[in-house]
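Below you'll find the structure, written out as structure tokens, and then a few comments.
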Amino acid sequence: MASPGDTSTANLAAPGSAPVPAPPSATMPADDTDCSTPSGAIATTGPAPPSHELPGSTPKQGQPAPTSIFHGSAGAVRQAVCSVSLCMVMLLTQAALGATIFGGSYIADTFGLADDPEQQSWFAAAFSLTVGTFVLPAGRLGDLYGNRIMVLVGYAWVGAWSLVAGLSHYTRSAIFFDVCRGLQGLGFAVLLPNSLAVLARIFPPQSRAKRLTFCLYAATAPSGAVLGGTFTCLLGATVGWWWGFYLLAIVCAALVVICTAVVPSDRQLHDLGRAFLAQDDEKHQHDAAFKDEEVADVDEARSISPSHQDQPGQRAAHRPLWERLDLLGMVLGVSGLVLFNFAWNQALLVGWSTVYVYVLLIVGVMLLCAFVVWESRASLPLLPTSIFNLQGCLILGALALGWSAFSIWLFYITQFVIRQRGYSPLGSVAALSPAAIAGVVAAFSSERILARFGSKVVMLLALIAFTTGISIAGTAPVEQTYWAQTFVASFVMPFGMDMSFPSASIILSDMLPHHRQGEASSLVNTVVNYSVALGLGIAGTVESQVNRQGTDELRGYRGAFYLGIGLGALGVLMSVINLAISTQRRSA
1340 MASPGDTSTA NLAAPGSAPV PAPPSATMPA DDTDCSTPSG AIATTGPAPP SHELPGSTPK
1400 QGQPAPTSIF HGSAGAVRQA VCSVSLCMVM LLTQAALGAT IFGGSYIADT FGLADDPEQQ
1460 SWFAAAFSLT VGTFVLPAGR LGDLYGNRIM VLVGYAWVGA WSLVAGLSHY TRSAIFFDVC
1520 RGLQGLGFAV LLPNSLAVLA RIFPPQSRAK RLTFCLYAAT APSGAVLGGT FTCLLGATVG
1580 WWWGFYLLAI VCAALVVICT AVVPSDRQLH DLGRAFLAQD DEKHQHDAAF KDEEVADVDE
1640 ARSISPSHQD QPGQRAAHRP LWERLDLLGM VLGVSGLVLF NFAWNQALLV GWSTVYVYVL
1700 LIVGVMLLCA FVVWESRASL PLLPTSIFNL QGCLILGALA LGWSAFSIWL FYITQFVIRQ
1760 RGYSPLGSVA ALSPAAIAGV VAAFSSERIL ARFGSKVVML LALIAFTTGI SIAGTAPVEQ
1820 TYWAQTFVAS FVMPFGMDMS FPSASIILSD MLPHHRQGEA SSLVNTVVNY SVALGLGIAG
1880 TVESQVNRQG TDELRGYRGA FYLGIGLGAL GVLMSVINLA ISTQRRSA
């Protein structure tokens, strides 16, 4: 653990970032565990020399040393603006989701779907489906072509399709709007892993500034959902809901300009990563056998590292592009995930008796099985197969169950307060606004909780929060005062959100070698967002089966809530088993 006077990380950055003199907060003591950082960077000890004195980081003649990127007051401002611009990714992702959940009634009126909640669920499901499905492929593209360029492309893509989604109200076609939502989600799938990768590389490893930045990243999730819902409802009641999408397009255009100016170039990130790995190797001589492999990874701009099947010394960058992309794995995985999820959500509209629904479901399962088989044999697998042991599966399963419960809670508590209690859409946003405050509290307290109790305990606490929150909301009587249960549930659920993401990332990153740490957060992002879409599809099926052909709406909502409670409870059980296994192994 760093002592109060330890400034060992002051001039270091995570792999691929620009080594710089850290801002004052970055030199504060670090805990034993970098709790909030998915990349799980290794801590170093002792004073760090300037990066231009480290092996492999000598700048070319006439070029400034990498440390000059964030040097001085102007550099600190640039670093802060860069951090905020990248944290906006999570805020805007959840804002885009909240816009259609809270403002769904305004959108449904435009497309003639006011009394069709099954169709309305597609507004959110289409978005989350593509976000969850394409995160891993987008992360691989960032490894190959650079995280900075992918961030710029992602913001530009989201801005373009947000504009088209807003214009879709002229078509009066809900299907076209759903397609726009899916393509909008594709942009966020590009942004999520690559923004995290850049954030992990612009701060010294184990620094307090880095941990607080990732806390801020997590804190924006519930705040973003409330913010997106607020703007959509306000605009929907005045000038039209589509102006919310126009506003998102404007914000994304501004962020493209800002990120172009403040996000370090991939060359600068590369130089810093090489410098850090070189010093890390000096500090950890027992890892010397892996030096050539890891420095080669950074030399290739964090190109895809060889799998455990590769012979030492092989270079991923020397392989064909299709192999580095794991193109077959992408096709099998994306196709399987899309078909499987589409079948569950489409069944709400046409019923399970429709032949193509269960055919798509079966084909999706077959493609996913083929994907797993291929990934176990691929030389450069898209999916880090080494984590699919018992503990890895328990963590991923618990994470999926918890976030499925969250999506059910968010969608159906909104429907419940609007359609059963008579709240306006804006009133439903106000009802869930405590989540924004709780999200900030949860995100910044999780840093200390993780450091004190460890990631596996915090993962269990996160699942307990998910289950408790949806249990409180799902059993609330219609006539009951808001403050009795709905308010409490709104305050509890964000603790599940903001504790599960960092704890799962840390647990999974511990199962991966250092040069593949970023894949842990990409996989967590995939599971989180895909589970949101899948949870809505399964809950919608349950709702339609128990609401007596639409004549008992409240009964349908209860059925969906009870499903969420069951999913959360199963997640708690899986977390308990994982904690027990871990405890038993430590005591053995």
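Add 1339 to a position in the sequence shown, counting from 1, and you land on the number used in my numbering. C-beta: ideal position from N, C-alpha, C; glycine also. The model shown is predicted, which means the values in this text are computed figures rather than measured ones.
Under the criterion of beta carbons closer than 8 Å, residue 1706 and residue 1675 qualify as touching, at roughly 3 Å.
Taking all protein chains in view, the Cβ of residue 1445 is crowded by 16 or more other Cβ atoms within 10 Å, so the residue is classified as buried. With fewer than 16 other CB atoms across the displayed protein chains lying within 10 angstroms of its CB, residue 1698 is exposed. The C-beta of residue 1554 has 16 or more other C-beta atoms within 10 Å across all chains shown, which makes the residue buried. With a 10 Å radius around the Cβ and a threshold of 16 neighbouring Cβ atoms, residue 1498 comes out buried.
The shortest CA-to-CA distance from residue 1450 to any of 1542, 1517, 1812 is the one to 1517. At the C-beta level, residue 1430 and residue 1470 stay beyond 9 Å of one another. Between the stretch 1803–1812 and the stretch 1907–1915, the count of Cβ pairs shorter than 8 Å is three or higher; the stretches touch. With contacts defined by Cβ atoms closer than 9 Å, residue 1876 and residue 1582 do not form a contacting pair.
Looking at the backbone, the Cα of residue 1523 and that of residue 1584 are separated by about 10 Å. Assigned with DSSP and collapsed to three states, residue 1684 falls in helix. Of the other Cβ atoms in all chains shown, fewer than 16 fall within 10 Å of the Cβ of residue 1695; this residue is therefore exposed. Shown here, residue 1749 sits in a helix according to DSSP, grouped into three states. Beyond the five residues adjoining it in sequence on each side, residue 1843 comes within less than 7 Å, by CB distance, of 1734, 1738, 1798, 1863 in the same chain, given in chain order. Short of 7 Å from the beta carbon of residue 1827, and not among the five residues preceding or following it, lie these beta carbons of its own chain, in chain order: 1811.
In the structure shown, the three-state DSSP call for residue 1791 is helix. By the 16-neighbour rule on beta-carbons within 10 angstroms, residue 1657 is exposed.
Close CB contacts of residue 1729 within its chain, under the 8 Å cut and outside five residues either way in sequence, are with 1920 (chain order). Taking the Cβ atoms as the reference, residue 1489 lies roughly 7 Å from residue 1477, within the contact range of under 8 Å. Counting every other CB atom within 10 Å of its CB across the protein chains shown gives residue 1454 a total below 16, marking it as exposed. If you ignore the 5 residues before and after residue 1443, its C-beta comes within less than 6 Å of the C-beta of 1459, 1462, all in its own chain and listed in chain order.
Under the DSSP assignment, residue 1818 falls outside any alpha helix (DSSP H); it carries neither an H nor an E label. Taking the Cα of residue 1870 as reference, the smallest distance to any Cα among 1465, 1570, 1493, 1411 is reached at 1465.
Distance from the Cα of residue 1593 is smallest, within the candidate group 1916, 1703, 1420, for 1420.
Residues 1682 of the same chain have their beta carbon placed closer than 6 Å to that of residue 1700, with the five preceding and five following residues left out of the count. Around the beta carbon of residue 1716, a 10 Å sphere encloses fewer than 16 other beta carbons of the protein chains shown; the residue is thus reported as exposed. One alpha carbon belongs to residue 1456, the other to residue 1411, and they sit about 54 Å apart.
Ranked by Cα distance from residue 1527, the first of 1819, 1666, 1425 is 1425.
Residue environment: residue 1492 is assigned as buried (16 or more neighbouring CB atoms within 10 Å of its CB, all protein chains considered).
Taking all protein chains in view, the Cβ of residue 1732 is surrounded by fewer than 16 other Cβ atoms within 10 Å, so the residue is classified as exposed. Distances from the CA of residue 1784 to each of 1819, 1771, 1838 were compared; the closest alpha carbon is that of 1838. Residues of the same chain with a CB within less than 6 Å of the CB of residue 1894, apart from the 5 flanking positions on each side, are 1885, 1886 in chain order. DSSP, read as helix, strand or coil, puts residue 1850 in coil.
Distance from the CA of residue 1788 to the CA of residue 1781, rounded to the nearest whole angstrom, comes to 10 Å.
Residue state for residue 1805 is assigned as helix, using DSSP reduced to three classes. Scanning its chain for C-beta atoms nearer than 6 Å, with the 5 sequence neighbours on each side dropped, one finds around residue 1468 the residues 1680, 1872, in chain order.
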